[in-house]
Each structure stands twice: as C-alpha cells, then as structure tokens.
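Under our numbering, the sequence shown has 64 at position 83, and the numbering climbs by one with no breaks.
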Amino acid sequence: MEKHPELEPEKRQKYESQIDVLKRICAEYERDDQGTTENAATELTKDRFETISTLMVELQSYGYPPEELVGITPPGWSVDPTSGLPAIDDVHKASESCNVM
C-alpha cells in the first residue's frame, strides 16, 4: 500500500480489507490442532471449513484483488469495471487458457 499513495480512499479501503481477510484465512490454515482427540479434530475441521468459507465470501465481496497480487488476467478474460470481478470476454480464448488437472 505504501507503494501506491495515489490510490483513491475507496480503493485503498477495499484493498486493506482484502489484506485483513487474507491474513485471517492464513491464520485459520496455520492454526495448530495437534493433540486433539479424533472427535474434537472432526469438529475443528467442520468449524475451520465454515470459517474459511465465510471468509472467502467476505473476500469476494471486496471485488477483484489488484493486479500486483493476482497477476494479469489470462487471454479471454477481463475485470468487470462495475463489480471488480472476473468476466469472460471470449469463451474460446478463456477455455484455452484454462488448465484442469
């Protein structure tokens, strides 16, 4: 954020919110659950799934992350200027740039 003092306040707030949510997602993945019983581990896994799912929805609510974070959009894709989310411009090109393992 320090590298971009020219950012509009609204965009800056959106990006700061994205950073906050990403930190919370990382913390959830890094949480140490060693030493828990099998039943407790199953419950923790369910709780973790719900927490991460909720955080992912929150992250998406802030729109598409900046290009420095996610890289350039692949061929056939663009970023919708209204929602800030990815959009398909050319289905053929988009399908060619999709790698499914």
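Glycine included, each C-beta is placed from N, C-alpha and C at the ideal position.
Residue i burial status per 10 Å Cβ neighbour count (16 or more: buried)
| i | result |
| --- | --- |
| Tyr(-4) | buried |
| Gln(-6) | exposed |
| Met82 | Low per-residue confidence applies at Met82: pLDDT is 47, beneath 50, and the placement is therefore not dependable, though the value from the model is reported in the following sentence. Met82 should be labelled exposed. |
| Val2 | buried |
Simplified DSSP assignment, three categories, for residue i
| i | result |
| --- | --- |
| Ser59 | strand |
| Ile6 | helix |
| Ile69 | strand |
| Pro(-10) | helix |
| Arg12 | coil |
| Ile53 | coil |
Sub-8 Å separation of residue i and residue j beta-carbons
| i | j | result |
| --- | --- | --- |
| Gln(-1) | Pro62 | no |
| Pro56 | Lys27 | no |
| Glu49 | Ile33 | no |
| Ser76 | Ala68 | no |
| Leu25 | Asp14 | yes |
Presumed contact (8 Å Cβ cut-off) between residue i and residue j, rounded CB distance
| i | j | result |
| --- | --- | --- |
| Gly65 | Gly52 | Wrong, their Cβ atoms sit about 16 Å apart, outside the cutoff. |
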